[in-house]
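Chemist: Numbering (the UniProt record's numbering), first residue to last: 1 to 268.
So this is what it looks like as structure tokens:
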């Protein structure tokens, strides 16, 4: 389904009933990335998925993007849907958006889940150079199948990527079905690169679950530890055999952690 919000047309999906849970994707990923989460999470929550500005079936204006803009987009979509408060879950760049959302729209946030992400800026642990090279060579626009596969495979744990080849196939297939224009990928990339929440992340008041894969080769898991130190009401879970997309590699464990956290009583 589509809805106009914040000046552009957004693609969104709603699955299930109950407390709203908004899922926010990362760089270059669309709503398809939740294929191992939707069925289980929608048994417990009203799951709302949107394609971010610049990807999927949402409009892709060729203009400067920012994480603050993405957060405004998410708030506008929820408001148009008549949702005044929701759990917010973001992965990678979606984790940047979720942090910004929690600061810009604190009354709209119930609980917060941050996955495979950081507070950004010069004091976070950066993307390893080899990973960045593969991401730049194999994402957005026309790329060779070899480059695309290399860029996708780095999102998985290096020790289990062969076992999880079906996940790589799924990501490549999903990206190809609605290819992101190269300019839109670059717009999203620059929005993420300019994000720096270090000075205000500690002001997040929402109860927060931080999840990371120990084998994350994109956003090293030490960033999750640093986030956990910053956010007062947070807890941390490290997935030992997970990479950047640990929620695809270890879906049963991930889904249970999410459900348990979101259904337990809120601290007063």
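Glycine residues also receive a C-beta, built at the ideal position from the N, C-alpha and C atoms.
Note that the structure is a prediction, hence the values are computed from the model and not measured.
Go through its chain and collect everything with a Cβ distance to residue 164's Cβ below 6 Å, but skip five positions before and after it.
Modeler: Answer for residue 164: 156, 249, listed in chain order.
Chemist: DSSP state of residue 127, grouped into three classes?
Modeler: Residue 127: coil per DSSP, three-state reduction.
Chemist: Starting from the Cα of residue 234, find the closest Cα among 176, 245, 94, 210 and give me that residue.
Modeler: Taking only the C-alpha atoms, the option nearest residue 234 is 210.
Chemist: Taking all protein chains shown into account, decide if residue 266 is buried (16 or more other Cβ within 10 angstroms of its Cβ) or exposed.
Modeler: It counts as exposed.
Chemist: Give the single residue among 61, 154, 256 whose Cα lies nearest to the Cα of residue 133.
Modeler: Nearest of 61, 154, 256 to residue 133, Cα basis: 154.
Chemist: Spatial neighbours of residue 85 within its chain, please: C-beta separation below 8 Å, excluding the five flanking residues on both sides.
Modeler: Once the five neighbours on either side are set aside, the close Cβ partners of residue 85 are 20, 107, 108, 109, 110.
Chemist: In chain order, what residues of the same chain lie with their CB nearer than 6 Å to the CB of residue 15, ignoring the 5 residues before and after it?
Modeler: Within the same chain, residue 15 has close Cβ partners 38, 42, 47.
Chemist: With a threshold of 6 Å on Cβ separation, who are the neighbours of residue 113 within its own chain once the five nearest residues in sequence on each side are excluded?
Modeler: Only 89, 209 meet the Cβ criterion.
Chemist: Inspect the CB distances between the stretch 180-195 and the stretch 74-84 and report whether three or more fall short of 8 Å.
Modeler: No, the stretch 180-195 is not in contact with the stretch 74-84.
Chemist: Just the Cα atoms here: how many angstroms apart are residue 187 and residue 193?
Modeler: Between residue 187 and residue 193, the C-alpha separation is close to 10 Å.
Chemist: So the candidates are 6, 62, 172, 124; which of them puts its Cα closest to the Cα of residue 146?
Modeler: Considering only alpha carbons, the answer is 172.
Chemist: Would you call residue 263 buried or exposed, if buried means 16 or more other Cβ atoms sit within 10 Å of its Cβ?
Modeler: Result: exposed.
Chemist: Please determine, among 203, 67, 26, 92, the residue with the shortest C-alpha to C-alpha distance to residue 55.
Modeler: Of 203, 67, 26, 92, the residue nearest in Cα terms is 26.
Chemist: Can you tell me whether residue 142 is helix, strand or coil according to DSSP?
Modeler: For residue 142, the predicted model reports a pLDDT of 46, less than 50, meaning its position is unreliable; a value from the coordinates is still stated below. Residue 142 falls in the coil class under three-state DSSP.
Chemist: Given that a residue counts as buried once 16 or more other Cβ atoms are within 10 Å of its Cβ, and exposed if not, what is residue 190?
Modeler: Residue 190 comes out exposed.
Chemist: Starting from residue 94, trace the alpha helix (DSSP H) both ways and give me its first and last residue.
Modeler: Looking at the DSSP string, the run of the alpha helix (DSSP H) that includes residue 94 is 93-104.
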